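A.B. asks: Have a look at this one.
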Amino acid sequence: MSLDVIVNGEPKSFERALSVRAMLAALGLDPKKIAVERNLEIVPRSTYDQVQVRNGDRFEIVHFIGGGNAPARVAPEDKPFTVAGRTWRSRLIIGTGKYKSYEENARALEASGAEIVTVAVRRVNLTDPSQPKLVDFIDPKKVTYLPNTAGCFTGEDAVRTLRLAREAGGWELVKLEVLGEKKLLYPDMLETLRATEMLAKDGFKVMVYCNDDPLMAKRLEDIGAVAIMPLASPIGSGMGLQSTVNIRLIIEDSKVPVIVDAGIGTASDAAMAMELGCDAVISNTGIAHAQDPVRMAAAMKLAVEAGRAAYLAGRMPRKNYGDPSSPMTGLI
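This is the structure in C-alpha cells:
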C-alpha cells in the first residue's frame, strides 16, 4: 500500500512506512539545512528518526534564501517615433523662434536632421508684406510644420489660433500650450485640459505641452491627446531636466508618445531625456541662443541619437562602491 502525503503543496507517494528523516532522504534533502512542519506543527530536528510519516500528512519544508533572484532585465523595444499614425526618422524637433534670421534657422534645421519644426501663428505684416517669410526658407512640403499656440493664455484663444492654422495650411496635427502667467510660462493645466477636449472634438490631433504631473498627463491622454509634452524646466530657461522621477513616471504610464518640451539647454540635457525613454525632444532656445546655433543643432542631433541608443542598451545598475573591471585573482 502506498503512503500518500502532501509536501509543499504537491502530492507525493512512498511505497512503505518511513520516518521523517527517511522521507527527507528520499526527497534528496539535507536535514541540517531545512525545517519541517507537519500538519501545522513544527517537527524538531532531534525527532526526525522517531516521527513516522502517516497517510494524509501535510508537510511544509523550508530553507533560507537570499531574498530572491534579481529579475531578468529585458531590453526596451525599439519602436519607431510615430504620432497619430505618422512616423519620422528623427526624434529631435526644433523651433523656429529666436534665431537671428530665417536663413540661420534653415541651416540649423539641416544640421539637426529634424523633420518637424514648431511654428507660431501671427498676424501678417500689412506695413511691409514683402518681408521674408518662414516658408521661403523651410519648405512645409519637405518638413512637417507643427503649428503651436505660443502666447495663448485661455482655451478659447488656443482653439481660435489653431483653427486659423488649419485654414492656412490644412494642419490637423498641432501643438497646444496654454500658459498661466508670463514670468514662469508654466502651463495653466485647467485651461489646457479644457482646450485639449475642445480641439479633440473639433478633429485636431493634439500634442500637448503640460507640467510634469503624471496624473495630469494621464488625464490629457484620456481626453484625446495624441502626444504628451511635459516640460523639463521653464520655457527658454535652459535649466534642463528638473524632475527625472516625474518624467519617468509619465513615460511608464503613457500609451502615447512622450516628448520632453521646454528647458533643454544643451546636448547633455537632450541625451538625459532620451535615456529616460522619451520618444523625442524639442529644442528651440537651446539651439537658437547658442553661440553657434548650427553647431549646437548638430550636437543636439547626436545627443538625441546617443541617448536613444543608451536607453535601448540599458544602463548598468548603479552601485554605491567601486567594482574592479579586472579580476583580482592571479595578481603578480
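Taking the working numbering, the leading residue of the sequence shown gets 177, the next gets one more, and so forth.
Glycine residues also receive a C-beta, built at the ideal position from the N, C-alpha and C atoms.
In this text the structure is predicted, and so the values were computed from the model without any measurement.
1) Determine the contact status of Met-392 and Met-365, defining contact as a CB-CB distance below 7 angstroms.
2) Report the option in Leu-369, Tyr-385 and Asp-388 whose CA atom is closest to the CA atom of Arg-395.
3) Spatial neighbours of Val-434 within its chain, please: CB distance less than 6 angstroms, with the 5 preceding and 5 following residues excluded, ordered by chain position.
4) Spatial neighbours of Glu-213 within its chain, please: C-beta separation below 6 angstroms, excluding the five flanking residues on both sides.
5) Would you kindly check if the distance between the Cβ of Thr-325 and the Cβ of Leu-360 is under 7 angstroms?
6) When the Cα of Leu-407 is compared with those of Val-432, Thr-337, Gly-416 and Gly-400, which residue comes out closest?
7) If we require 4 or more residues per run, which alpha helix (DSSP H) segments fall completely within the stretch 387-424?
8) Do Val-382 and Leu-340 have their beta-carbon atoms positioned less than 7 angstroms apart in this structure?
9) Using the rule of at least 16 other Cβ atoms within 10 Å of the residue's Cβ for burial, across every protein chain shown, is Val-421 buried or exposed?
10) Per DSSP, what are the beta-bridge partners of Pro-363 in this structure?
11) With 16 other CB atoms within 10 Å as the buried threshold, where does Arg-484 fall?
12) Name the DSSP bridge partner or partners of Lys-318?
13) Any contact between the stretch 469-477 and the stretch 279-296? By contact I mean 3 or more CB pairs, one from each, below 8 angstroms.
14) For Leu-216, which three-state DSSP category applies?
15) State the start and end residues of the unbroken alpha helix (DSSP H) segment that holds Arg-339.
16) What ranges does the alpha helix (DSSP H) occupy inside the stretch 438-465, keeping only unbroken runs of at least 4 residues that lie completely in it?
17) Among residues of its own chain, excluding the 5 on either side of Gly-244, which ones have a beta-carbon nearer than 7 angstroms to its beta-carbon?
18) Express the C-alpha separation of Leu-355 and Val-436 in angstroms, rounding to a whole number.
19) Cα-Cα, which of Gly-400, Lys-309 and Gly-462 is closest to Ile-525?
20) Under the DSSP definition of a beta bridge, which residues are partnered with Ile-269?
21) Exposed or buried, what is Pro-220 when buried is set at 16 or more other beta-carbons lying within 10 Å of its beta-carbon?
22) Secondary structure at Thr-263, three-state DSSP: helix, strand or coil?
23) Give me the Cα-Cα distance between Tyr-321 and Tyr-497, rounded to the nearest whole angstrom.
24) List the whole-angstrom C-beta distance separating Ser-195 from Ser-178, where the pair is believed to meet the contact cut-off of C-beta under 8 angstroms.
25) With distances taken between CB atoms, is the gap from Ala-539 to Val-457 smaller than 7 angstroms?
26) Assign Asp-499 to one of two classes, buried (16 or more other C-beta atoms within 10 Å of its C-beta) or exposed (fewer than that).
27) DSSP on Lys-209, reduced to helix/strand/coil?
28) Can you tell me where the alpha helix (DSSP H) with Lys-477 in it begins and where it stops?
29) So, with DSSP's three-state summary, where would you put Leu-310?
30) Leaving aside the five residues before and after Ile-218 along the sequence, list all residues of the same chain whose C-beta is less than 8 angstroms from its C-beta, in chain order.
31) At the level of alpha carbons, what is the spacing between Pro-390 and Ser-430?
32) According to DSSP, is Thr-325 helix, strand or coil?
33) Pull up the CB-CB distance for Pro-316 and Leu-338, whole angstroms please, since I reckon it's below 8 angstroms.
C.D. replies: Taking the definition as stated:
1) yes
2) Leu-369
3) Ile-404, Ile-426, Ile-427, Cys-454 and Asp-455
4) Glu-236
5) no
6) When each option's Cα is compared against that of Leu-407, the closest is Gly-416.
7) Entirely contained in the stretch 387-424, the alpha helix (DSSP H) runs reaching 4 residues are, in chain order, 390-398.
8) No, the pair does not count as a contact, with Cβ atoms beyond the cut-off.
9) Exposed is the call here.
10) Leu-355
11) buried
12) Answer by DSSP bridge pairing: none, since Lys-318 is not bridged.
13) yes
14) coil
15) Element bounds for Arg-339: 331-345.
16) Taking only runs of at least 4 residues, the alpha helix (DSSP H) segments lying wholly in the stretch 438-465 are 443-451 and 461-464.
17) With a pLDDT of 49 at Gly-244, under the threshold of 50, the modelled position of that residue is not reliable, and no figure is offered here.
18) CA-to-CA, the gap between Val-436 and Leu-355 works out to about 17 angstroms.
19) For residue 525 there is no data in the structure shown, the boundaries of the chain being 177 and 508.
20) Ile-292 and Ile-458
21) exposed
22) strand
23) 49 angstroms
24) Contact flag wrong, Cβ pair sits at about 17 angstroms.
25) Because residue 539 is not part of the residues shown, which for the chain are 177 to 508, the question remains open.
26) exposed
27) helix
28) 469-489
29) helix
30) So the list reads Ala-211 and Val-212, once near-sequence residues are dropped.
31) 9 angstroms
32) coil
33) About 16 angstroms; that fails the 8 angstroms criterion.
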